[in-house]
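J.: Quick one: structure below, then a few questions.
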Amino acid sequence: MLNDYLNKDTIRFAQNVGGWREAIDLVTAPLLESGSITSAYVDAITASIAAGGVYIDLGFGIALAHSRPENGVQHTGLSSLRVSPTVLLNDDPQHPIDLFLCLAATDANAHLETMRELASLLSDEQLCTQLLAAHTSAEVLAVIQKMGN
Amino acid sequence: MKFLAVCSTGLGSSFMVHMNIEKVLKELGINGVDVDHADLGSVAKGDADTIFVGADLADATSDLGDVVVLNSIIDLNELRTKVRETAERKGLAITAAGEN
């Protein structure tokens, strides 16, 4: 379940973030703190974005930062960071990001249900809009609660 | 018939596209399509009838056969349009009207 992972500790907000590297540091921080990932995972994400890996841009201003399980995932986790104003992914004007999510998965099957819920949340235009409009963790959790499945 | 969603890690966006393709196929009443996801490194030409990728992988997958490029991973409307077009191109029967 999404709310097994997203809670008041892992849903964060930041203003005037000084670029995408800082955004990645901030969104991965709760997963580092909980031991879900090691710093190697942060380095892998940062390196892949710097190498042009803007594939984490899902569209609608949402980025799903993630790397491979072997790059430092200890246990499955998910975190979110709403930035204001927008941060450019890899300083690329074509990839403005408002909401960073960080997924740490131990293997492809471990996070099947989490990804299924995340996909239905983000693909629902109304819920996606509400998620971007949420400015407290309570508001984010309220949006997650509205999910149909 | 097999559709394959591909991304760099095989865990993030391809997984989402995989699930959303299944959802759209169901909406359109299209049967007989296996959907899976994979990372770019493990995909070879012939692994699937059609490969769905994000715009970032358009160049890297251009020699993998029938490739559908998605501008947004989570835009269901774009996916509905492109899955419908693919089904028509492949001669698959569309038995439901879908949501739009």
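Protein sequence lines, in the order shown, are assigned to chains B and E. Here the first sequence is numbered in my numbering, starting from 993 and rising by one per residue. Here the second sequence is numbered in my numbering, starting from 17 and rising by one per residue. Built from N, CA and C at the ideal position, the CB exists for glycine as well.
1. Check histidine 53 (chain E) in the structure and name its three-state DSSP category.
2. With distance defined between alpha-carbon atoms, name the residue in B:Leu1123, B:Val1135, B:Glu1014 and B:Ala1097 nearest to glycine 26 (chain E).
3. Kindly list, in the order they appear in chain D, the residues whose Cβ is closer than 7 Å to that of phenylalanine 31 (chain E).
4. Please state the DSSP three-state secondary structure of glutamine 1007 (chain B).
5. Determine the contact status of glycine 81 (chain E) and lysine 61 (chain E), defining contact as a CB-CB distance below 8 Å.
6. If contact means a Cβ-Cβ distance below 7 Å, which residues of the region 50-70 of chain E contact chain B?
7. DSSP three-state call for serine 1071 (chain B): helix, strand or coil?
8. Given this structure, state the Cα-to-Cα distance separating glycine 1064 (chain B) from isoleucine 1016 (chain B), to the nearest angstrom.
9. Taking beta-carbon pairs under 8 Å, can you tell me which members of the region 1060-1080 of chain B lie near chain E?
10. DSSP three-state call for aspartate 1017 (chain B): helix, strand or coil?
11. Go through its chain and collect everything with a Cβ distance to alanine 21 (chain E)'s Cβ below 6 Å, but skip five positions before and after it.
12. Is there contact between the region 1067-1079 of chain B and the region 1035-1049 of chain B, where contact requires at least three CB pairs shorter than 8 Å?
13. Would you say threonine 77 (chain E) reaches chain B, if we count a Cβ-Cβ gap shorter than 8 Å as a contact?
14. Name, in chain order, the residues that DSSP records as bridge partners for cysteine 23 (chain E).
15. Using the beta-carbon of each residue, which ones in chain E are nearer than 9 Å to alanine 1100 (chain B)?
16. With distances taken Cα to Cα, identify the nearest neighbour of cysteine 1120 (chain B) among B:Leu1070, B:Leu1050 and B:Thr1002.
17. For asparagine 87 (chain E), is the classification buried or exposed, using 16 other Cβ atoms within 10 angstroms of its Cβ as the cut-off for buried?
18. For chain E, is any of its Cβ atoms less than 8 Å away from the one on alanine 1032 (chain B)?
19. Give me the Cα-Cα distance between leucine 1018 (chain B) and tyrosine 1047 (chain B), rounded to the nearest whole angstrom.
20. Could you pull out every residue in the same chain whose Cβ sits closer than 8 Å to the Cβ of alanine 71 (chain E), ignoring the five residues on either side in sequence?
21. Note down, one range per segment and in chain order, each alpha helix (DSSP H) of at least 4 residues found wholly within the region 47-115 of chain E.
22. Which residues in chain E sit within 7 Å of serine 1129 (chain B), going by Cβ to Cβ distance?
T.: Reading from the atomic positions:
1. As a working mapping, residue 53 (chain E) is identified with position 37 in the second sequence. In this structure, histidine 53 (chain E) counts as strand in the three-state DSSP scheme.
2. Within the second sequence, the letter at position 10 stands for residue 26 (chain E). For glycine 26 (chain E), the nearest C-alpha among the options comes from B:Ala1097.
3. In summary, chain D is missing from the structure at hand, where the protein chains are B and E.
4. Walking along the first sequence from the start, residue 1007 (chain B) turns up at place 15. Glutamine 1007 (chain B): strand per DSSP, three-state reduction.
5. Working through the second sequence from its first residue, we reach residue 81 (chain E) at position 65. Working through the second sequence from its first residue, we reach residue 61 (chain E) at position 45. Going by C-beta atoms, glycine 81 (chain E) is nearer than 8 Å to lysine 61 (chain E).
6. From the region 50-70 of chain E, only Gly70 have a Cβ closer than 7 Å to chain B.
7. Taking the first residue of the first sequence as position 1, residue 1071 (chain B) is located at position 79. Note: serine 1071 (chain B) maps to strand in three-state DSSP.
8. In the first sequence, the residue the question calls residue 1064 (chain B) occupies position 72. In the first sequence, the residue the question calls residue 1016 (chain B) occupies position 24. Going by the C-alpha atoms only, they are around 15 Å apart.
9. Considering only beta carbons, the part of the region 1060-1080 of chain B lying closer than 8 Å to chain E consists of Arg1060 and Pro1061, in chain order.
10. Along the first sequence, one-based indexing puts residue 1017 (chain B) at 25. It is helical.
11. Taking the second sequence and counting its residues from 1, one reaches residue 21 (chain E) at position 5. Only Ser30, Val33, His34, His53 and Phe68 meet the Cβ criterion.
12. Judged by Cβ distances under 8 Å, the region 1067-1079 of chain B makes no contact with the region 1035-1049 of chain B, as fewer than three pairs qualify.
13. Reading the second sequence from its first residue, position 61 is the one you call residue 77 (chain E). Answer no: the Cβ-Cβ gap between threonine 77 (chain E) and chain B never drops below 8 Å.
14. Residue numbering aside, residue 23 (chain E) sits at position 7 when the second sequence is read from its first letter. Beta-bridge analysis with DSSP links cysteine 23 (chain E) to E:Asp55.
15. Against the first sequence, residue 1100 (chain B) aligns to sequence position 108. Neighbours of alanine 1100 (chain B) on chain E, chain order: Gly26, Leu27, Phe31 and His53.
16. Start at 1 with the first residue of the first sequence, and residue 1120 (chain B) comes out as number 128. Taking only the C-alpha atoms, the option nearest cysteine 1120 (chain B) is B:Leu1050.
17. Here residue 87 (chain E) corresponds to residue number 71 of the second sequence, with the count starting at 1. Label assigned to asparagine 87 (chain E): exposed.
18. Here residue 1032 (chain B) refers to the residue found at position 40 of the first sequence. At a cut-off of 8 Å between beta carbons, alanine 1032 (chain B) makes no contact with chain E.
19. Taking the first sequence and counting its residues from 1, the one referred to as residue 1018 (chain B) is at position 26. Taking the first sequence and counting its residues from 1, the one referred to as residue 1047 (chain B) is at position 55. Each residue's Cα considered, the two are about 19 Å apart.
20. For the purposes of this step, residue 71 (chain E) is taken as the residue at position 55 of the second sequence. These residues qualify, in order along the chain: Val85, Leu86 and Asn87.
21. Counting whole runs of 4 or more residues, the region 47-115 of chain E contains the alpha helix (DSSP H) stretches 92-105.
22. Here residue 1129 (chain B) refers to the residue found at position 137 when the first sequence is read from its first residue. Neighbours of serine 1129 (chain B) on chain E: none; closest Cβ ~22 Å, over 7 Å.
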